[in-house]
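Chains as they are written, first to last, in the numbering used here: chain A, 9 to 120; chain B, 992 to 1106. Just so you know, even glycine gets a beta-carbon here, dropped at the ideal spot from N, CA and C.
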């Protein structure tokens, strides 16, 4: 049973515009959320995280928003650049233990 | 320069053979993980370990085995019992919950192909 869901397999955005990637989760015990970026045949690299005590976290061009009542988080990339083209994974961790749960990923293409 | 290394990058195996994938980290992380990625799918957890000499099964542990004899090392053995072993395997490590930073760091991955 997929506890972290990314319902959009792919997204295309023009360079300079905003990219919004979405993620939904089902388990109310999740208290820590992360976004990873992955290129083909490479390991994912950490982008940004957010604790459940916050509703927004910003790091440069990347902002993550968390809506706990809706069990939804999103990653905003502004402005989008061609180098942002990759697969983005959303992940979550419960408030106990050290297991991380991953979504199926969204493939972002930024068109020059 | 801290990080996670996985070897080899590409691995070919004949059906019916066991094969061991290496994972080493020098980040002084307590927790280590093995994931499998198939085309169009996310990362599925095979095994994880939070401390030396202890590990837990993930969602798809059948046909795999691990050991954690040293904090730095977490090798994964793909046995002949694994019915569909061809995949991209990723190793990761992290601090334990409660640490200031708790994200997972990933290795570069091993592509296993069964011939």
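* Would you say residue 1102/B faces chain A, with C-beta separation under 9 Å as the test? -> Closer than 9 Å: yes.
* Please confirm whether residue 76/A and residue 63/A have their CB atoms less than 9 Å apart. => Taking 9 Å as the Cβ cut-off, residue 76/A and residue 63/A qualify as a contacting pair.
* Sorted by chain position, which residues of the same chain lie with C-beta nearer than 6 Å to residue 16/A's C-beta, five sequence neighbours on each side aside? -> Excluding five sequence positions before and after residue 16/A, the CB atoms of its chain that fall closer than 6 Å to its own CB belong to 114, given in chain order.
* Which parts of the stretch 40-92 of chain A are runs of the beta strand (DSSP E), unbroken and 3 residues or longer, counting only runs that do not cross its ends? -> Listed in chain order, the beta strand (DSSP E) elements of length 3 or more contained wholly in the stretch 40-92 of chain A are 53-59, 64-67, 70-75 and 80-85.
* Does the beta carbon of residue 66/A sit closer than 9 Å to a beta carbon anywhere in chain B? -> Using a CB distance cut-off of 9 Å, residue 66/A does not count as an interface residue toward chain B.
* Asked: Just how far apart, CA to CA, sit residue 1070/B and residue 1011/B?
  -> So the two alpha carbons sit approximately 9 Å from each other.
* Got a sec? Which residues, its chain only, sit under 8 Å from residue 1074/B by beta carbon, not counting five neighbours each side? -> Only 1054 meet the Cβ criterion.
* Distance, Cα to Cα, residue 1028/B vs residue 1079/B? -> C-alpha separation (whole angstroms): 5 Å.
* For residue 73/A, which option in 88/A, 87/A and 57/A has the closest C-alpha, if you only look at C-alpha atoms? -> For residue 73/A, the nearest C-alpha among the options comes from 57/A.
* residue 1059/B burial status per 10 Å Cβ neighbour count (16 or more: buried) -> Its Cβ being crowded by 16 or more others within 10 Å, residue 1059/B is buried.
* Just the chain B side, please: which residues come within less than 9 Å of residue 42/A by C-beta, in chain order? => Taking a Cβ-Cβ threshold of 9 Å, the residues of chain B close to residue 42/A are 1093, 1094 and 1095, in chain order.
* **Alpha-carbon to alpha-carbon, residue 25/A and residue 117/A** => For the pair residue 117/A and residue 25/A, the Cα-to-Cα distance works out to about 12 Å.
* Asked: Name the chain A residues whose beta carbon is nearer than 7 Å to that of residue 1099/B?
  -> Contact annotation for residue 1099/B against chain A: 50 and 51 [CB-CB distance below 7 Å, chain order].
* chain A contacts made by the stretch 1035-1052 of chain B, where a contact means CB separation under 9 Å -> Hits within the stretch, in order: 1035, 1036, 1039, 1041, 1047 and 1049.
* Contacting residues, own chain, Cβ-Cβ under 8 Å from residue 1094/B (five flanking each side not counted) -> Counting only Cβ-Cβ distances below 8 Å, and skipping sequence neighbours, we find 1085.
* First through last residue of the beta strand (DSSP E) which encompasses residue 1028/B -> 1022-1028 is the span of the beta strand (DSSP E), which, as asked, contains residue 1028/B.
* Asked: Is there a Cβ from chain B that is less than 9 Å from the Cβ of residue 12/A?
  -> Yes, residue 12/A counts as interfacial toward chain B.
* Asked: What residues in the stretch 68-80 of chain A have a beta carbon less than 8 Å from any beta carbon of chain B?
  -> Answer in chain order: no residues at all.
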